[in-house]
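Number of protein chains: 2
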Amino acid sequence: MSDLLERLRGRGWRMTAQRRVVAEVLNGEHVHLTADEVHARAVAKLPEISRATVYNTLGELVSLGEVLEVTTDKRAKRYDPNAHRPHHHLVCARCGAIRDVHPTGNPLADLPDAERFGFTVSDVEVTYRGLCPDCADA
Amino acid sequence: MSDLLERLRGRGWRMTAQRRVVAEVLNGEHVHLTADEVHARAVAKLPEISRATVYNTLGELVSLGEVLEVTTDKRAKRYDPNAHRPHHHLVCARCGAIRDVHPTGNPLADLPDAERFGFTVSDVEVTYRGLCPDCADA
DNA sequence: ACTTGACTTAGACAAAGTCCATTGTAGGAT
DNA sequence: ATCCTACAATGGACTTTGTCTAAGTCAAGT
Ligand SMILES: [Mn+2]
Ligand SMILES: [Mn+2]
Ligand SMILES: [Zn+2]
Ligand SMILES: [Zn+2]
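Chain order of the listed sequences is A and B. Letter 17 of the first sequence, counting from 1, is numbered 28 in my numbering, and no numbers are missing. Letter 45 of the second sequence, counting from 1, is numbered 56 in my numbering, and no numbers are missing.
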């Protein structure tokens, strides 16, 4: 994660305690926290950090391409630090657990020209849904 | 659409003016309206219909499998009457236009067991993103 | 140390959606 | 045709998620 901070400093980011804490919270594999979850964990490390700053920082990280926005459900957006390896998501329909997955094949190639309606298609997002092992036992 | 109303009556739906109007509004190809858009169009036909009723009716139609919820962006959910032919979506990143698309291939087969983390995977949702013809000229 | 523009903050505001008590009515029973 | 009642509709309060602003604070270059 400190290389993230390096990279951001290199891009002219002013390094504040708040930004450092947000970057720390967003660290790990299969991390897909909502803004409020990020805020809650950030507050544990830096009690005065505000909601607005968390939203601002997340927005900047997204603009910089360091974090991805993921909208697996219709509720809050989730923030995904795994921006440098393309991947898709597997979501438990019951408890909401999210895993990063790397399907084979290229779904872009599966969309025939006749189905493109003249669009310039540049990206594809795949969400697998099912039940996680815990929720399947029920 | 009247076959939809038939089917619903058969399922014990009480047929009210409000429900009829909501069903009328949700009719056509490539229809993906938000709840508030449905409400606005319903009001044009039945001025006293309330927002709560539109939400209730949409929720029931979703539960009955007659309408699908689509969340292409992080804003309002959209309601899709094309529930009986499986399909995916192509979304313009600029103006939000949505088209139904039918890619070839089965993305479920592209998710190896090793990438399933013990989940029972039952469904997959694919969202293509790009620019529509109008937005590409800019 | 000083300066300054970038950053943070609290709280107001907004959009999307849920919940509830009250009122109305579709459709079966009489 | 009228009555009954369980189901449905309504308006408004409330919640969640997110944006915006004006005022105060501070990182970092000089
Ligand atoms: Mn991810
Ligand atoms: Mn559709
Ligand atoms: Zn689960
Ligand atoms: Zn467009």
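Heads up, the beta-carbon is just placed ideally off N, CA and C, and yes, glycines get one too.
Closer than 7 Å by beta-carbon distance: list the chain A residues that pair up with residue i, in chain order.
i, result
"Gly76(B)", "Near Gly76(B) there are no residues of chain A at all, since even the closest Cβ is about 15 Å away, more than 7 Å."
"Tyr139(B)", "Leu122, Val132, Val135"
Flag this pair as yes or no: are the beta carbons of residue i and residue j separated by less than 8 Å?
i, j, result
"Asp91(A)", "Leu79(A)", "yes"
"Leu119(A)", "Val137(A)", "no"
"Ala94(B)", "Glu77(B)", "yes"
"Arg22(A)", "Leu75(A)", "yes"
Let me check you understand the geometry: is the CB of residue i closer than 7 Å to at least one non-hydrogen atom of ligand 4?
i, result
"Asp84(B)", "no"
"Cys106(A)", "no"
"Asp145(B)", "yes"
"Leu19(B)", "no"
How about residue i: is its Cβ closer than 7 Å to a heavy atom in ligand 2?
i, result
"His99(A)", "no"
Would you mind giving the Cβ-Cβ distance between residue i and residue j, rounded to the nearest angstrom? I have them listed as a contact below 8 Å.
i, j, result
"Asp145(A)", "Thr115(B)", "Not confirmed; about 35 Å, so no contact."
"Val65(A)", "His50(A)", "4 Å"
Would you list the one or two residues that DSSP bridges to residue i?
i, result
"Cys103(B)", "Gly141(B)"
"Arg89(B)", "Thr45(B), Val81(B)"
"Glu136(A)", "Thr138(B)"
"Asp111(B)", "His100(B)"
Since residue i meets chain B, which of its residues come closer than 8 Å, beta carbon to beta carbon?
i, result
"Pro114(A)", "Pro118, Asp121, Leu122, Pro123, Glu126"
"Leu150(A)", "Outside the displayed span of chain A (12 to 149) sits residue 150(A), for which this structure offers no information."
Applying a beta-carbon distance threshold of less than 8 Å, which residues of chain A neighbour residue i?
i, result
"Glu80(B)", "Lys85"
"Cys143(B)", "Phe128, Gly129, Phe130"
Hey, is residue i close to ligand 1, as in C-beta under 7 Å from one of its heavy atoms?
i, result
"Val36(A)", "no"
"Asp91(A)", "yes"
"His95(A)", "no"
"His113(A)", "no"
"His43(A)", "yes"
Does ligand 3 have even one heavy atom less than 7 Å from the beta-carbon of residue i?
i, result
"Cys103(B)", "no"
At a CB-CB cut-off below 9 Å, which residues of chain A make contact with residue i?
i, result
"Lys56(B)", "None at all; the shortest Cβ gap to chain A is about 27 Å."
"Arg110(B)", "Glu126, Arg127, Phe128, Phe130"
List the residues of chain B whose Cβ lies closer than 9 Å to the Cβ of residue i, in chain order.
i, result
"Ala147(A)", "Gly129, Phe130, Thr131"
Closer than 7 Å to a non-hydrogen atom of ligand 6 - does that hold for the CB of residue i?
i, result
"Leu142(A)", "In the structure on display, ligand 6 does not appear, and the ligands it does have are ligand 1, ligand 2, ligand 3 and ligand 4."
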